[in-house]
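In my numbering, the protein residues as written are 8 to 300.
Take a look at the structure below.
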Amino acid sequence: MTDTTITPSRPVTRVFTAPRASDGDGVELRRAFPGNALMDLDPFLLLDQMGPMQVAPGEARGFPPHPHRGFETVTYLLSGEMQHRDSWGNHGLLGPGDVQWMTAGSGLVHSELPGDGLVRDGGKLLGFQLWINLPRKDKMIAPRYQDTAAARIPVARNAEGTVSAKVIAGSAMGVQGVIETRIPILYLHLTLQPGAEFDQPIPATHNAFAYVVEGEASFSGRTAGASQVVLFGRGGESVSIRNAGAAPLSVLLIAGEPLGEPVARYGPFVMNTRTELMQAVEDFQAGKMGVLE
Ligand code: MN
């Protein structure tokens, strides 16, 4: 038997279904973490799938004003519209395929609400929000937005055309993403045709997981279906994915370099110490993160 693999692919340590949840103004979610199955995966603090939710005209729900400090939120929409507005005067409209990479840094108050079009006409909301922790030295940097339209997200494809990767961060198949990250992060939205296989190099020291959006996947021989989270262990420098179903497979593959720093977390604030956390609450209440009407 010949093996052309240079290093073994990383083993799967756990597969679990992201539980249903609700947040904001009644947005139906699947919260991959934090939860009973997984609290966090350094440097990742949270992954929500928003929807899929069919919203009737005039009924769209979202996230009314709330603060953030100490980390980044990455919003990636697949369907629907989301309107963003913050206490420093920034605003933007996200549509299908668009990404908003928001570095909350020292703090802001923002709202994430359905776009006017979705409210007026109704429609389907489906998207993801990932929270990435900031290293201690970056927690109090000025807030920054990288609003990246779908057309600017590079797409990598294999030679056969059976695998495509939207490169939100990091690189795949030689294609580099355009969004700047504070620490090394890989964020791919992969589509595999039935039977297609794909190997993604990931440094052995990085934490890595996958989230199956649609279809049936096999990761190093372990199967996972829609709404399932797949955790990868150490012991290899790549992750191996195969479409084990009869329909296209849609999966998010996310990895990052762990910070290895203490995490003090309270709702929308994520700092290193309890004192910093109390300061964050105080600063928010004193209006130091701005005010959003
Ligand atoms: Mn938010």
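Where a beta carbon is used, it is the ideal one built from N, C-alpha and C, also for glycine.
Since the model is a prediction, treat every value here as computed from it, not as a measurement.
The count of Cβ pairs closer than 8 Å, one atom from the region 240–257 and one from the region 29–38, stays below three, leaving the stretches out of contact. A straight-line Cα-Cα distance of about 15 Å links residue 204 and residue 17. Screening all residues for a C-beta within a distance smaller than 6 Å of any heavy atom in the ligand MN leaves 70, 73, 75, 80, 117, 119, in chain order. Its Cα nearest to that of residue 200, the residue 252 stands out among 176, 175, 252.
With a 10 Å radius around the Cβ and a threshold of 16 neighbouring Cβ atoms, residue 281 comes out exposed. Taken in chain order, the complete beta strand (DSSP E) segments of 3 residues or longer contained in the region 203–276 are 204–208, 214–221, 224–226, 229–231, 235–239, 245–250, 256–263, 271–273.
DSSP, reduced to helix, strand and coil, places residue 62 within a strand of the structure shown. Here residue 198 carries a strand assignment [DSSP, helix/strand/coil]. Where residue 100 is concerned, the enclosing beta strand (DSSP E) starts and stops at 98–101. For residue 282, there is no enclosing beta strand (DSSP E); the enclosing alpha helix (DSSP H) has its first and last residue at 281–292.
Taking all protein chains in view, the Cβ of residue 155 is crowded by 16 or more other Cβ atoms within 10 Å, so the residue is classified as buried.
Measuring C-alpha to C-alpha distances from residue 102 to each of 191, 274, 225, 82 identifies 82 as the nearest. Taken in chain order, the unbroken stretches of beta strand (DSSP E) that lie wholly in the region 63–123 and span 3 residues or more are 70–75, 78–86, 89–93, 98–101, 106–110, 115–121.
Between the C-alpha atoms of residue 78 and residue 225 there is a straight-line separation of about 32 Å. In the assembly as shown, residue 91 is a buried residue. Its beta-carbon has 16 or more other beta-carbons within 10 Å.
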